[in-house]
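Undergrad: Chains as they are written, first to last, in the working numbering: chain A, 2 to 391; chain B, 1356 to 1881; chain C, 2 to 359. Even for Gly, the Cβ is constructed at its ideal location relative to N, Cα and C.
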Amino acid sequence: MTAKPAAQTAKGRSVARRVWSVVALPLVSILLALIVGAVIILGSELVIPGQAFDPLLPARAYIALLEGAIGLPPALNPLVSTLVATAPLVLGGLSVAFGFKSGLFNIGAQGQFLMGAIGAVAAAIAVSGQPSIVAIPVAVAGGMLAGAIWGFIPGILKALSGAHEVVTTIMLNYVAISLFAWIVAGPLAVPGAPSPITPDVGNAAYPILIGRGGHLGLLVALAAVGIVAWLLYRTTFGFEVRTAGANPDAARYAGMRPRVLIVVTMSICGLLAGLAGAGDVLGTQHHVTSSYGTTVGFDSIAVALLGRSNPVGVLFAALLFGAMRSGASLMQISAGIPAQLVDVLQATILLFLVATPVIQRLFSLRGTKTGIDAPGTFTKTYVSGEPTVG
Amino acid sequence: MTTESPSVPSPAPALEMRGITKRYPGVVANDHIDLDVRPGEIHALLGENGAGKTTLMNILYGLARPDEGEILLDGTPVRISGPSDAIARGISMVHQHFMLVPVLTVAENILLGEETMAGPVFIDQNEARKRIRELGKRFHFEIDPDAKVGTLSVGWQQRVEILKALYRQAQILVLDEPTAVLTPQETEEIFAVLRRLAAEGHSIVFISHKLYEVLEIADRITVIRRGKVVGTRLPAETNEDDLAELMVGREVQLTVDRGDSHPADVVIRLEGLKVADDRGSEVVRSVDLEVRAGEILGIAGVAGNGQDELVEALVGLRRPTAGKITLDGRDVTGKGPRHMNEAGVAFVPADRQRFGLVLTFDVADNLVLTSYYRSPYARGILRNESAIEAAAKKTVAAFDIRTPSVRARLSTLSGGNQQKVVVGREFDRTLSLLILDQPTRGLDVGSIEFIHRRTIEQRDAGTAILLVSAELDEVLELSDRIAVMYRGRVVAILDGRTADKNEVGLLMATGGRERAPAAALDQAST
Amino acid sequence: MDGLITSLYGIPVAGLVFEFLGYLIGVLPIVAPIMLRVAAPLTLAAMCGVMCERSGVVNIGIEGTMLVAAFVGWVVGVVVAPLIPAEPSAFFGITPALLIAFVAALGSAMLVALLHAWLSISVRADQIISGTIINIAAFGVTGYLNELISKSSPTSAGAFSQFTPPSFLVQIPFIGWIFNMFLNQGPITISVLVIVIVLQVLLFRSRWGLRTRAIGEHPKAAETVGIDVIRVRYRNVILGGMLAGVGGASLSMELTNSFQDGMTAGRGFIGLAAMIIGRWTPLGAFGAALLFASSQAISQSITFATPSGNLGHLLLSIPGQFWDALPYIVTIVVVAGLIGRSTPPAADGLPYEREATA
C-alpha cells in the first residue's frame, strides 16, 4: 500500500516538471522585465523635473499597478475592468497564435481589429431598430467579416505571388487607419456633428453581465479559446494547419494544399482580430470617432509569443497584459509613471524570451522549453518570396 | 596488413601529421592518424564515406581542432588556428562542395580574402586579371577572369578552385573528392593539371573513395577505415582487391534472397513523359516506361539525371510538361498527391525529413500523415484519436519501430526508426504502385536489410515497385529489371538478374552513345 | 455594340489620363524637391537594408531603429540646447547642440542595430521575430520616454535648415529644377545622393564590398579563404544601423523639429520594399524610393497647384485619406508584383555557424 502514494507523488512530480519546463522561461522573463522596469523608473526620476529622488518609487508604481488591476484588497470592479481589457487581447493573441501554428506571421491584427470595429458599427447601424437578439449577431458577424477580409487580402497575395505577410500586413495596418478614418468621416458619419463620429450601435451593444462594464465579450473571448483549441487539435483541418506550419513540404507530400491553407488561415486570423474589434465597440465604446485607436495589434503579438502560440497559454498571457493595461492608469495617477511603462515591460519580456539560450545559460535552466514557440521559417519564406518553404 | 610506410628514399616530408585524434560526441572521427606527404608527391587518402578523411583535412585546414596530435610543416611543429592561418602557411584546400560564389566573377572568387589592392579601399581589378591570366597560362588552362562562375561547367569551376589555391601560392594542395562531380574526360584533364603541379614541386593530398582513381594518380596511398590508418601502399605494389579489402575491412556483400518474380499486368505506364525542374529547364526528356504488378523496376543513374523530377511527377508533386501517365488503365497525368495516394500509389521520398515526416509531431500523427482525413482516422471533420492510436500501435509492432510510445516526438527517434515510420505508413495498406527513392540512404545495416526484405515481400504480394537509388549495388540486388537514366532519358532497360555491373556503370556514365573512354570503364568497375 | 460604347466612354477617360500626365510633367519642377525630401528617409532605410541583407542578415527592425534615432536626436537636442546656447549658423542652421544630438541619434541607432545583430547572428533567433520585437520595443520605449519628457514642456533644439542654391543654377532653363531638387534641401537630404553613390561604388569595387557580397551569397566560401563571417556581419548590421539612424534623425531634426509617437510611420518597411525593387543595389533602391515618394509629392502638389477643369474637380474629390494610404498600397502592389522576380542574396537570413565550433 505504500507503493501507490509513492508512485502518485512521482507522477505528480513529473507533471510538475513538465509544467515547469514550459513556464520557467516565461516566468523568468517576466521577473527580469519587472526588474528592468524598476531600473527604468528609477532612471526616469532623474528626468522628471521638480521631484525628490524616491528610491521606493518602483515599488510604489508596481503596487499601484497591482491595485489598479485587481484592487487592494481584490474587488469586483477592478477585476472586471482587467477582464474587459483582457478580452480583446485574448482574441488578438489567438489571431496571431493561429497564424504561428500554420507558419504565418500575422502582424496585421492591428488593422484587422480596426476593420472589425468599423464593420461591427456598420452592421449595427444597418440593423438599428431590430431587437438585440438579431442586432448583436449581425453586428458581430459584420465585424468578423470585415476582419476576415483584411486577413484574406495578405493571404491571397501570399498564395498567389509570395508577397510576405510581414510586409503586406504592416502596410495594410496603415491602409486600415486611412480607410477607417474615411468611413468614420464619410459614409458612417453622424451628419452635422462637430467632429467625425458614428451613430451609437444601439441594440447591438453587448449586454453587461457582471460588475461595471463586464460585457458579453468576456464570454465570447473565453469561448474563442475553446473553439480555437478544438479547431487546432481535434479537427482534421487543424491537423493540416499544424502540418503546414511545422513542415510545408510534408504537407504538400501528404496531399494538403498549403496555398489554400494560407488563405483560409489568414482569413481566420483576420476574423479573430476582427471579433476583438467588434467586441471593443459593441461592449465598451458603442460608437467610434476618427481618433479611435488601439494598441491591441502589438499587444497581440506579445500575447501570442508569451503564450507560446497555445490557446490556453494565450489566455494567461492576455490576462497578464490585460491586468497591466488596466492597472496602468492608476499607476499613472498615483505614482506619476506614464501608462506607457506597460509597453516597455511588454517589450522587455519579449526581448528576454527571444534571447532564450542566454537566459537558459545564465539561470542554468537546462531542459526547459524555448521561450518562443513560433516556427523558425519566417525569415526563410520572407527572403525566398515563395508562399511556403521549399 | 602493415601500418608503416613502405621505405622509399625521399626528402623530408613537406607535411607530417602525427597521432591526430578527434572525438565528436559518440564517435571517434580520427584515431591517432599518422600521415606524411613529401614535396612533389601526390598522396592519396582512401576511405569509405564517413571514414574520417574530411575530418582529418578540416583539422589540417584549421576548420576543426584536434583533441590530440601534432602537425609539422617542413619538419617544424605548427598550430593551425584557422583557414587564413593555413593559407598563410601555404596550405590550400579544394572542397568537395566547391567554395565558390556563383554570382561573382572568376577574378572576384579568386581574389576573395587575398585581394590585390589599389590603395586602401579599392581592389586593383586589372592587376588581378593579369595575374590570373599568367597563372592560367603557366598551367595550361586559360580562363576568362570576368566570366561569372555560375555560368561555368563543374570542370572549369574546379579549375577556378585550383587557381584560387595557386594564387595563394599554396605548396600543399588538398583536394577532397575532386572527381565526384566530373565526367571521365574532365577527370583526365584535372589529373593532367595535378601531375603538372606535382612536377613543379607542389605536394598534393588527394582524397577519394574510388580505387581506380587513386591507383592511377597517386604516388602513395594511405587507407583509412573508421578513423584509423589501416595501411599505406605504393600503387605498383597493390591492386584494387587489396585496397578494397583494406578500405572495407571484410568482404561484405549485403544480398537478399530475392526469389523469382511473377510479373502480371502493367500497373503504371509512362508515355513520352517530359518534366521540367524548378528553373523551368526540361530535365526529363520523353520517358517511356512501364512497371508491372509483382516486379521491381530499378532506375540506375548518376544523381541529377532527372530521376528526382521523374519521381515527383509520378507522385503528383510536379506537373509533367508533356506526355501521359496511366495508372491501372486510367489517365492520371497531372493529378495531385492526394489523388495518386488514393489511387494506391505509395511513396518513400529520398529526403525523408523534408518530405516524409514532421519531426515535431509524434509517431502516431506521422503514421496518419497521408490518411488523417479518412475513416477511421477521421469522423467528419473530427479526428478519431483512439483509432489513430490503435493503428499506430499495430504499425509500430509490425515494423519493429523502436519508440518509447506512439505519442513520442519523432525527432527523438533514430534515423533508421524514422525511416521505418515512413516505410510503415507507406507499406501498410493495399498498394498498386510503390515508389522508393533512396530508401536506405544513411541507414545502418540492420535497417537496410529490414527494408530490403519488406520490399521483396511487397513485390511478392503483387505490388509494382519503382526503385530509385544512387547505390548501384542496391539497384542490382533488388531489381527484376533495370532502367538506366542518362540526361533525362531512359537509355537502356536490362534484365536485373543478368545485368553486368560494368555495363550498367558504363551506361550511367555515358548514356551508351559514345565510345567508352578508359576512365569511364574504370569508373564502372568500382 | 458594347465595344463601341466602351470606346466612347473611354475617350474622356483617356483624355483625363493624358491631362493628368501633362499636369505631372508641369508640376515636376515644383514637386521634385518635395519628392527628394520624402524619399530621403526611405532611401536611408533602404541603404540599411542593403548593408544588412547583402551580408546575409534580414533586418525588419529598421523601422524601430529609425524611431529610436528620431527620438534620441530630438531629446538630446532638447537637453543640450540650453547648455550650449548658440545662434543657428548660416550653414544649414547648424548649432553645436544639433551636432551633438545628431551624433547621439546615430549612436543610439547603432546600439539598436547591435541588439539585432546579436540576436540574429550570435543567438541565432529567427530574424523576422527579432526585428519585430525590436520594433515593438522601440515603439514602447520611445513612447514611454516621450510621455515622461513632454511633462516638462520641452523646447526643441530646432532643426537643420535648407540650403538655398545660387539662383543662377536654378534658373538654367530645362535643367535648373534638378539643381533645385538636390540642393534646396537640408544637409541630410543633400547627403543622401552622396551616400547612395558612395555605397554603390564601394559595394561593387572595394574589398569590403566584395567580402560583403561573398558572405551574403556563400558564407562558407568566405570562411574558407579566411574571412571572419561573423565579424563582417556584425560590422555591416551596425553600420547599416547608423544609416537608418541618419534616416531617423532626418525625421525629427530636419523635416520637422519635433518627435511624435510612431513618427516613422512604416518608412522602415517601405525602405525595405524599395531595396527589393532596387534589386539590393543602392542606386536601384534610391530610384524606387523616389517612386514611392512621388505619390506623396503628388498629393501635396494637388493642394497647392490644383489643376484646372475636370481633372482638378476629380482630383480634389478624392478623399485625403486615399492619398495618405497610397504609399502603403503602392508598396503592397509592388511587393506582390515583384517579389520572386528579383533574387535576394543566396544566404540572406540564414544564420551562420562555424564548422570549427560545431
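In the DSSP assignment, find the alpha helix (DSSP H) that holds T304(C) and state where it starts and stops.
TA: Note, T304(C): alpha helix (DSSP H), P283 to F305.
Undergrad: Tell me which residue opens and which closes the alpha helix (DSSP H) that G248(C) is part of.
TA: Looking at the DSSP string, the run of the alpha helix (DSSP H) that includes G248(C) is V230 to S251.
Undergrad: Would you list the one or two residues that DSSP bridges to R1647(B)?
TA: The partner list for R1647(B) (beta bridge, DSSP) reads V1621(B).
Undergrad: Grab the span of the alpha helix (DSSP H) containing Y329(C) for me, first residue to last.
TA: It spans G321 to L339 - the alpha helix (DSSP H) in which Y329(C) sits, taken as one unbroken run.
Undergrad: Quick check on the DSSP output: what are the complete alpha helix (DSSP H) runs of length 4 or more inside the region 63 to 106 of chain A, in order along the chain?
TA: The qualifying runs are 77 to 102.
Undergrad: Is the Cβ of G1468(B) closer than 9 Å to any Cβ of chain C?
TA: Yes, contact with chain C.
Undergrad: Closer than 8 Å is the cut-off here; do at least three beta carbon pairs connect the region 1700 to 1709 of chain B with the region 1739 to 1748 of chain B?
TA: Too few Cβ pairs lie closer than 8 Å, so no.
Undergrad: Using the C-alpha atoms, what's the distance from E1600(B) back to E1606(B)?
TA: The pLDDT assigned to E1606(B) is 48, lower than 50, so where the model puts this residue is not dependable; a value taken from the coordinates is nonetheless given after this. Taking the straight line from one Cα to the other gives about 7 Å.
Undergrad: Run the CB neighbour count on D1615(B), radius 10 Å, all protein chains shown included, and call it buried at 16 or more, exposed below.
TA: Exposed: under 16 other Cβ atoms inside 10 Å.
Undergrad: Just to confirm, is the Cβ distance from V185(A) to V289(A) under 9 Å?
TA: Taking 9 Å as the Cβ cut-off, V185(A) and V289(A) qualify as a contacting pair.
Undergrad: Pull up the distance between the alpha-carbon of G1491(B) and that of P1533(B), whole angstroms please.
TA: Taking the straight line joining both Cα atoms gives about 19 Å.
Undergrad: Please go through the same chain and pick out, in chain order, the residues whose beta-carbon is closer than 8 Å to the beta-carbon of L220(A), but skip the five residues on each side of it.
TA: Closer than 8 Å at the Cβ level, and outside the excluded window around L220(A), lie L210.
Undergrad: Could you tell me which chain B residues have their CB closer than 7 Å to the CB of D250(A), listed as they occur along the chain?
TA: Per Cβ cutoff of 7 Å: R1709 and F1710.
Undergrad: Say yes only if the C-beta of L17(C) is nearer than 8 Å to one or more non-hydrogen atoms of the ligand HEM, and no if none qualify.
TA: Within the structure as shown, the ligand HEM is missing, as the structure has no ligands at all.
Undergrad: With distance defined between alpha-carbon atoms, name the residue in F1496(B), R1707(B), A1462(B) and D1717(B) nearest to G1505(B).
TA: Cα-wise, what sits closest to G1505(B) is A1462(B).
Undergrad: Hey, does M1372(B) have any beta-carbon neighbour from chain C nearer than 9 Å?
TA: No - not a single Cβ of chain C is within 9 Å of the one on M1372(B).
Undergrad: With a threshold of 8 Å, are at least 3 pairs of Cβ atoms found where one atom belongs to the region 303 to 314 of chain A and the other to the region 101 to 116 of chain C?
TA: With a cut-off of 8 Å, the region 101 to 116 of chain C and the region 303 to 314 of chain A do not count as touching, because too few Cβ pairs lie within range.
Undergrad: In this structure, how does DSSP classify G1653(B) when only helix, strand and coil are distinguished?
TA: If DSSP states are grouped into helix, strand and coil, G1653(B) belongs with the strands.
Undergrad: Is it true that the CB of A329(A) sits closer than 9 Å to the CB of L321(A)?
TA: Going by C-beta atoms, L321(A) is not nearer than 9 Å to A329(A).
Undergrad: Mind checking Q1524(B): buried by the 16 CB within 10 Å criterion, or exposed?
TA: Per the 10 Å Cβ criterion, exposed.
Undergrad: Counting C-beta neighbours from all protein chains within 10 Å, is the total for F1496(B) 16 or more, i.e. buried, or is it exposed?
TA: Buried.
Undergrad: Check the Cβ of I228(C) against every Cβ in chain B and list those closer than 9 Å, keeping chain order.
TA: Per Cβ cutoff of 9 Å: P1438, S1439, L1467 and G1468.
Undergrad: Compare the C-beta of S207(C) with all C-beta atoms of chain B and state if any pair is closer than 9 Å.
TA: With 9 Å as the cut-off, S207(C) counts as an interface residue toward chain B.
Undergrad: Taking only beta-carbon positions, decide if A126(C) is within less than 9 Å of chain B.
TA: With 9 Å as the cut-off, A126(C) does not count as an interface residue toward chain B.
Undergrad: Applying the 10 Å Cβ sphere with the 16-neighbour rule, what's the burial state of N136(C)?
TA: Looking at its Cβ environment, which holds 16 or more other Cβ atoms inside 10 Å, N136(C) is buried.
Undergrad: Are the C-beta atoms of L1861(B) and some chain C residue less than 9 Å apart?
TA: No - not a single Cβ of chain C is within 9 Å of the one on L1861(B).
Undergrad: Just tell me which of V171(C), S90(C) and A222(C) has its CA closest to the CA of A33(C).
TA: Minimum Cα distance to A33(C) is reached at V171(C).
Undergrad: Assign L1418(B) to one of three DSSP states: helix, strand, or coil.
TA: The answer is coil: DSSP assigns L1418(B) none of H, G, I, E or B.
Undergrad: Taking L1665(B) as the reference, give the member of R1647(B), R1685(B), D1683(B) and D1643(B) with the closest Cα.
TA: Here the closest residue by C-alpha is D1643(B).
Undergrad: Taking 9 Å as the CB-CB cut-off, is F1702(B) touching chain A?
TA: Yes, F1702(B) lies at the interface with chain A (some Cβ there is under 9 Å from its Cβ).
Undergrad: Out of L25(C), I35(C) and A41(C), point me to the one whose CA is closest to A290(C)'s CA.
TA: Out of L25(C), I35(C) and A41(C), A41(C) has the C-alpha closest to the C-alpha of A290(C).
Undergrad: Give a yes or no on whether 9 Å exceeds the smallest Cβ distance from L1418(B) to chain C.
TA: Yes, L1418(B) lies at the interface with chain C (some Cβ there is under 9 Å from its Cβ).
Undergrad: Determine the contact status of I101(C) and I85(C), defining contact as a CB-CB distance below 9 Å.
TA: Yes, Cβ-Cβ distance for I101(C) and I85(C) is below 9 Å.
Undergrad: Do F181(A) and L115(A) have their C-beta atoms within less than 9 Å of each other?
TA: Yes, these two residues count as a Cβ contact at 9 Å.
Undergrad: Along the region 305 to 339 of chain A, where does the CB come closer than 9 Å to a CB of chain B? Name the residues.
TA: The residues in question: there are none.
Undergrad: First and last residue of the beta strand (DSSP E) that includes H1398(B)?
TA: Note, H1398(B): beta strand (DSSP E), I1397 to L1401.
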